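Asks: Numbering (the numbering used here), first residue to last: 741 to 1033.
Even glycine gets a Cβ: it sits at the ideal position worked out from N, Cα and C.
Quantities reported herein were computed from a predicted structural model and do not represent experimental measurements.
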Ligand code: BEZ
Ligand code: FE
């Protein structure tokens, strides 16, 4: 009987998928097997190293529950999430290539702290509720042709002034809400100026990052998810321009077009008419959504 050698195993696995009827699944699995085998051969992986890898993935799964998603963190910190985001964005750009109009807003990672079902709030509401330095976020949502996107759903979430998300602290939602743009596509709400913070480091991914000689930090950012009928969903952030770690985000999520000035203002009447008794910041950003086909 002919015997398989090290260089043959990948092809043998691929050949066993001859009866697979899902072409895309087959393509993905064949490529995964080929690259995994090539990687193991390239680094000449020992059985102990392979077992360490299996134990790491087991621990990663065991760390997950309905609030903690260690696999997303692994994907994010290895740059895989941003690669998938970038490929999707490039696909969208190719589809729009022969159309007039502006470039759509760049997307970035969703991260593990999105919590569906945030409270619906009115435009202009304050969701910062004394957690940090007050900031007015405002701007407009249009499509790539400049047409306002009315009643666009805007989910926003951030960590607190100590760098913790509500989900890391307990059962109460805080610093997150859903808004809707008005008839002209305008949005405005108050929250805090987000500070830089570390991604969760108390699990296997934290141990991996430490062994890699990497830090855990993300620059200050506000998460935003925009959804409107007839438009592609956009998951993105606004990054604080003077924040540390813009150049070395632990999850590689920074896009230059998403870095925003947060000018500081003295107490007085804010642009939305609110009377401020302490200093505050503003962050203005206009979003452009891709019309769906
Ligand atoms: C976040 O920004 O919330 C985040 C993104 C990726 C990994 C961890 C946290
Ligand atoms: Fe975040």
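Would DSSP call residue 772 helix, strand or coil?
Replies: Taking the chain shown and counting its residues from 1, one reaches residue 772 at position 32. Three-state result, residue 772: helix.
Asks: Are the stretch 994–1008 and the stretch 1017–1027 in contact at 8 Å, needing three or more beta carbon pairs?
Replies: Judged by Cβ distances under 8 Å, the stretch 994–1008 makes contact with the stretch 1017–1027, as three or more pairs qualify.
Asks: Report whether the distance from the Cβ of residue 961 to the nearest heavy atom of ligand 2 is below 7 Å.
Replies: On the chain shown, position 221 is the one that residue 961 refers to. The answer is yes for residue 961.
Asks: Let's see if you can read the secondary structure: which residues bound the beta strand (DSSP E) around residue 879?
Replies: Indexing the chain shown from 1 puts residue 879 at position 139. First-last of the beta strand (DSSP E) with residue 879: 874–883.
Asks: Does the stretch 980–987 come close enough to the stretch 806–814 to have 3 or more Cβ pairs within less than 8 Å?
Replies: The stretch 980–987 is not in contact with the stretch 806–814.
Asks: In whole angstroms, what separates the C-alpha of residue 989 from that of residue 745?
Replies: Counting from 1 along the chain shown, the entry for residue 989 is found at position 249. Counting from 1 along the chain shown, the entry for residue 745 is found at position 5. Between residue 989 and residue 745, the C-alpha separation is close to 42 Å.
Asks: Using DSSP bridges, identify the partner residues of residue 932.
Replies: Taking the first residue of the chain shown as 1, we reach residue 932 at position 192. Paired residue(s): 874.
Asks: From this set, 781, 850 and 879, which residue's C-alpha is nearest residue 924's C-alpha?
Replies: Sequence index remark: in the chain shown, residue 924 carries index 184 (1-based). Closest by alpha carbon: 879.
Asks: Can you tell me whether residue 1036 is buried or exposed? The criterion is at least 16 other CB atoms within 10 Å of its CB, across all chains shown.
Replies: What is shown of the chain runs 741 to 1033, which leaves residue 1036 out entirely.
Asks: Residue 900: buried (16+ other C-beta within 10 angstroms of its C-beta) or exposed?
Replies: By 1-based counting over the chain shown, the position of residue 900 is 160. So residue 900 counts as buried.
Asks: Determine which residues share a DSSP beta bridge with residue 1008 and list them.
Replies: Within the chain shown, numbered from 1, the residue matching residue 1008 stands at position 268. Residue 1008 is bridged to 1016.
Asks: Alpha carbon to alpha carbon, how far is residue 877 from residue 1001? Give it in angstroms, no decimals.
Replies: Position 261 of the chain shown, counted from the start, is the residue given in the question as residue 1001. Position 137 of the chain shown, counted from the start, is the residue given in the question as residue 877. Residue 1001 and residue 877: Cα-Cα distance of roughly 11 Å.
Asks: Would you give the residue range spanned by the beta strand (DSSP E) that residue 831 belongs to?
Replies: Here the question's residue 831 lines up with position 91 in the chain shown. Segment 820–836 is the alpha helix (DSSP H) holding residue 831; no beta strand (DSSP E) there.
Asks: Considering only C-alpha positions, which residue in the set 1031, 946 and 917 is nearest to residue 855?
Replies: Within the chain shown, the letter at position 115 stands for residue 855. Ranking the options by Cα distance to residue 855, first place goes to 917.
Asks: Excluding five sequence neighbours on each side, which residues of the same chain lie with their C-beta closer than 7 Å to the C-beta of residue 760?
Replies: Locating residue 760 in the chain shown gives position 20, counting from the first residue. Closer than 7 Å at Cβ, skipping near neighbours: 766.
Asks: Output the boundary residues of the alpha helix (DSSP H) element that contains residue 750.
Replies: As a first step, residue 750 is located in the chain shown; it is residue number 10 there, counting from the start. First-last of the alpha helix (DSSP H) with residue 750: 749–755.
Asks: Leaving out five residues on either side along the sequence, give the residues of the same chain with a beta carbon under 6 Å from the beta carbon of residue 933.
Replies: Taking the first residue of the chain shown as position 1, residue 933 is located at position 193. Cβ within range, chain order: 873, 875, 1002 and 1021.
Asks: Could you check whether residue 1030 and residue 832 sit closer than 8 Å to each other, using their CB atoms as the reference points?
Replies: For the purposes of this step, residue 832 is taken as residue 92 along the chain shown, with counting starting at 1. For the purposes of this step, residue 1030 is taken as residue 290 along the chain shown, with counting starting at 1. Cβ distance < 8 Å, so residue 832 and residue 1030 count as in contact.
Asks: Residue 979 lies in the alpha helix (DSSP H); which residues open and close that run?
Replies: Counting from 1 along the chain shown, the entry for residue 979 is found at position 239. Taken as a continuous stretch (DSSP letters only), residue 979 belongs to no alpha helix (DSSP H), being part of the beta strand (DSSP E) at 974–980.
Asks: Indicate whether residue 939 and residue 956 have their beta-carbon atoms separated by less than 8 Å.
Replies: The residue given as residue 939 occupies position 199 in the chain shown. The residue given as residue 956 occupies position 216 in the chain shown. The answer is yes: Cβ separation under 8 Å.
Asks: May I ask which residues mark the beginning and end of the alpha helix (DSSP H) holding residue 949?
Replies: For the purposes of this step, residue 949 is identified with residue 209 of the chain shown, where counting begins at 1. Where residue 949 is concerned, the enclosing alpha helix (DSSP H) stretches over 944–952.
Asks: So is residue 897 buried or exposed if we call it buried at 16+ other beta carbons inside 10 Å?
Replies: Against the chain shown, residue 897 aligns to sequence position 157. Burial call: buried.
Asks: Ligand 2 and residue 834: does the residue's C-beta get closer than 7 Å to at least one heavy atom of that ligand?
Replies: Against the chain shown, residue 834 aligns to sequence position 94. Checking the Cβ of residue 834 against ligand 2 gives no.
Asks: Answer yes or no: the CB of residue 853 versus the heavy atoms of ligand 3, is any distance below 7 Å?
Replies: For ligand 3, the structure offers nothing, since it holds only ligand 1 and ligand 2.
Asks: Cβ atoms of residue 891 and residue 845: under 8 Å apart, would you say?
Replies: Translated into positions along the chain shown, residue 845 becomes position 105. Translated into positions along the chain shown, residue 891 becomes position 151. Against a cut-off of 8 Å, the Cβ pair of residue 891 and residue 845 comes out as no contact.
Asks: Can you give me the Cβ contacts of residue 720 inside the same chain, cut-off strictly under 7 Å, excluding the 5 residues immediately before and after it?
Replies: Given a span of 741 to 1033 for the chain in the structure shown, any question on residue 720 remains unanswerable.
Asks: Do you know whose CA, among 948, 893, 971 and 950, lies nearest residue 927's CA?
Replies: If you number the chain shown from 1, residue 927 lands on position 187. Closest option to residue 927, Cα to Cα, is 893.
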